[in-house]
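**Q**
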Amino acid sequence: MACPLEICVDAPDDLAAAIAGGADRIELCSALALGGLTPTPGLIRAAQSCPVPVYAMIRPRGGDFRFSLAEAQQMEAEIAAVRAAGLAGVVLGAADAAGGLDLPLLRRLMQVAAGLGTTLHRVVDTLPDPVAAVGPAMDLGFERILTSGGADKAPAGVVTLSRMIDRAGSGVEVMAGSGVAAENVPALAAAGVRSFHASCSVTDPDTGTRRIDVAALRALRDAVNRVT
363 MACPLEICVD APDDLAAAIA GGADRIELCS ALALGGLTPT PGLIRAAQSC PVPVYAMIRP
423 RGGDFRFSLA EAQQMEAEIA AVRAAGLAGV VLGAADAAGG LDLPLLRRLM QVAAGLGTTL
483 HRVVDTLPDP VAAVGPAMDL GFERILTSGG ADKAPAGVVT LSRMIDRAGS GVEVMAGSGV
543 AAENVPALAA AGVRSFHASC SVTDPDTGTR RIDVAALRAL RDAVNRVT
């Protein structure tokens, strides 16, 4: 079986492009320029007919990952909306003032998300030691962790990615994201990565909007297919 490839999108047109390019799963967001926020109701509606699983980002604002009580309540409502829409899962994350995962909030959100697929997002890359987040992620019941290994781009975080994969064993999937492209898949695979996440997006010089580069996505799909 080929390694899974998840593509993040924040526009309806990119849903079709991601599927045509070979995405196994969609991470649905708004505002990818801000790192991805909760998708709009209209975008969620557009994703309901996708032939592959769709995981919606649950993040009420840009900036840090320390959320207030009101923001936590908003996130709970957003998870409920994703469930009602029939999407496959959600992408979550929260940090506390001490520089670790906000375990009480994450437990609460995971209870609300019970029965949905769950990804712990790149909040782990803001922590002093991303490897230390693997155990709590497993304890909380996350399906996977999206991470660059604590680096700006995943190819620069291969050492930490490898340590995270070793720590995770079969308890949670470690999915490499940020800067993932066809040309660096072999190096990521050599570090043990068997799950990949990318946007494959480029900026249109005429409109300033970001859209999927279908050729880059197809090249990435081919590279991932060659991983054994």
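Following our numbering, the numbering of the sequence shown begins with 363 at its first residue and continues without gaps.
We put the beta carbon where it would ideally sit given N, CA and C, even for glycine.
1) Using DSSP's beta-bridge definition, name the partner residues of Phe558.
2) If you measure between the beta carbons of Leu463 and Ala495, is that distance less than 7 Å?
3) Less than 6 Å between C-beta atoms, sequence neighbours within five positions excluded: which residues of the same chain meet that for Ala578?
4) Shorter than 7 Å from the beta carbon of Met526 to some beta carbon of chain C?
5) Between Ala373, Ala382, Met363, which lies nearest to Ala581 when the distance is taken from Cα to Cα?
6) Can you check which of these residues, Met419, Ser557, Ala499, is closest to Ala385 by C-alpha distance?
7) Please report the straight-line C-alpha distance between His364 and Thr565, rounded to a whole angstrom.
8) Spatial neighbours of Ala434 within its chain, please: C-beta separation below 6 Å, excluding the five flanking residues on both sides.
9) Taking 8 Å as the cut-off, does the stretch 474-483 touch the stretch 492-511 (at least 3 CB pairs, one atom from each stretch)?
10) Tell me where the alpha helix (DSSP H) around Ile381 begins and ends.
11) Go ahead and pull the three-state DSSP assignment for Glu505.
12) Alpha carbon to alpha carbon, how far is Pro422 from Asp458?
13) Assuming Gly461 and Pro490 are in contact, meaning their beta carbons sit under 8 Å apart, how far apart are those beta carbons, in whole angstroms?
14) Report buried or exposed for Glu545, applying the criterion of at least 16 other Cβ atoms within 10 angstroms of its Cβ.
15) Consult DSSP for Leu463 and reduce its assignment to one of helix, strand or coil.
16) Given this structure, state the Cα-to-Cα distance separating Val534 from Ala549, to the nearest angstrom.
17) Relative to the C-alpha of Met472, which candidate in Arg484, Ile441, Val486, Ala450 has its C-alpha closest?
**A** Checking against the coordinates, here is how it stands:
1) Bridge partners of Phe558: Leu367, Ala538.
2) Closer than 7 Å, so yes.
3) Around Ala578, the same chain offers Cys562 as residues with beta carbons nearer than 6 Å, after the five sequence neighbours per side are excluded.
4) Within the model displayed, chain C is absent; a lone protein chain is all it includes.
5) Comparing Cα positions, the closest option is Ala382.
6) Here the closest residue by C-alpha is Ser557.
7) The sequence shown places Ala at residue 364, rather than the His named in the question. Cα to Cα, Ala364 sits roughly 29 Å from Thr565.
8) Cβ within range, chain order: Leu467.
9) Result yes; three or more Cβ-Cβ pairs closer than 8 Å.
10) Per DSSP, Ile381 belongs to the alpha helix (DSSP H) from 374-382.
11) Three-state DSSP puts Glu505 in coil, outside helix and strand.
12) Straight-line measurement puts the Cα of Asp458 at about 16 Å from the Cα of Pro422.
13) Yes, they are in contact, since the Cβ atoms of Gly461 and Pro490 sit about 6 Å apart, within 8 Å.
14) With fewer than 16 other beta carbons inside 10 angstroms of its own, Glu545 counts as exposed.
15) DSSP places Leu463 within a strand segment (E or B) once states are collapsed to three.
16) A straight-line Cα-Cα distance of about 21 Å links Val534 and Ala549.
17) Taking only the C-alpha atoms, the option nearest Met472 is Ile441.
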